[in-house]
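Just so you know, we're using the working numbering here: the sequence shown kicks off at 17 and counts up by one.
Glycine residues also receive a C-beta, built at the ideal position from the N, C-alpha and C atoms.
From a predicted model like this one, the values you see are computed outputs, not experimental measurements.
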Amino acid sequence: MGNCKTYFKEYLEGKSADKIAAGLTKDGILTVTGKRKWHPTVITKMLKNEKYKGDALTITVDFLTHKRVKNEGQAPQYYVENSHPAIISKEMFEAVQKEMKRRSELRGFGDKERGFKHSSKYPFSGKIFCGSCGAVYRRKRWGPTNKYKKYVWNCRTRDENGPKSCSMKAVDEEKI
């Protein structure tokens, strides 16, 4: 299954659950169930699982069938701190939870209206918004060849729908 500490570290370095899952699939690392393809939801659940920091939420197994069930309040739950040795430090675990919340709140600004999808690939990703329509600015390469290539940041609305949709022009990355 690989080293789960790495997944937490990569997430804090800016990788999404999608990118982490794609990397594991590409590297040929099998899931715990022996499957070749990793899904981002597995990574997300792993990053949220308190057991990695040494804690446990009890009563998640049906006492009659002994099968795992999702307990949504039908039976009392107990949170036990330090119930077993931690794989991830509590500080790293909490930092990941904080980052997940931050990314979630960014997406909550209206994904579709503002066109925002989390990315920390570039320093300005998700930090520049159009003064005219409010859409996120994104990095784009201009120029047909390496000789003439330059990078600009432009409004997503204008980029996808043309200049009639938004009056803001692209900004050279060097000026930012």
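On the premise that residue j lies in contact with residue i, defined as a C-beta separation below 8 Å, what is that separation, rounded to the nearest angstrom?
i, j, result
"Tyr164", "Arg157", "The Cβ separation is near 10 Å, so there is no contact."
"Tyr27", "Glu110", "At roughly 13 Å, the Cβ-Cβ gap does not stay under 8 Å, so Tyr27 and Glu110 are not in contact."
Output yes or no for whether 9 Å exceeds the beta carbon distance between residue i and residue j.
i, j, result
"Cys182", "Ile103", "no"
"Leu63", "Ala33", "yes"
"Ala38", "Val58", "no"
"Met108", "Lys25", "yes"
Can you have a look at residue i and say buried or exposed, based on whether 16 or more other CB atoms are within 10 angstroms of its CB?
i, result
"Arg52", "exposed"
"Arg119", "buried"
"Val152", "buried"
"Gly159", "exposed"
"Lys31", "buried"
"Val96", "exposed"
"Val48", "exposed"
"Gly142", "buried"
"Lys69", "buried"
"Asp127", "Low confidence applies to Asp127: its pLDDT is 45, below 50, so where it sits in the model is not reliable enough to give any reading."
Please name the residue in the options whose C-alpha comes closest to that of residue i.
i, options, result
"Phe145", "Arg174, Val48, Ser120", "Arg174"
"Asp188", "Cys171, Thr49, Asn177, Glu176", "Cys171"
"Leu40", "Gly30, Thr49, Tyr23", "Tyr23"
"Tyr94", "Met184, Glu107, Asp71, Lys61", "Asp71"
"Met184", "Thr161, Gly147, His55, Ile59", "Gly147"
"Thr60", "Gly142, Val112, Glu176", "Val112"
"Gly178", "Pro101, Cys149, Lys191", "Cys149"
"Arg154", "Lys25, Ala186, Trp54, Lys180", "Ala186"
"Lys67", "Ser99, Pro92, Met108", "Ser99"
"Asn65", "Trp54, Asp43, Ile192, Ser105", "Ser105"
"Phe140", "Asn162, Lys117, Trp169", "Trp169"
"Ile192", "Lys42, Tyr138, Glu88, Lys180", "Tyr138"
DSSP puts residue i in a beta bridge; with which residues?
i, result
"Phe7", "Outside the displayed span of the chain (17 to 192) sits residue 7, for which this structure offers no information."
"Tyr95", "Leu73"
"Asn170", "Arg154"
"Asp34", "Answer is none; Asp34 lacks a bridge partner."
"Val187", "Trp169"
Return yes when at least one heavy atom of the ligand SAM lies under 8 Å from the C-beta of residue i, else no.
i, result
"Leu73", "The ligand SAM is not part of this structure, which contains no ligands at all."
Is there a Cβ from chain D that is less than 9 Å from the Cβ of residue i?
i, result
"Arg155", "The question asks about chain D, but that chain is absent: this structure has only one protein chain."
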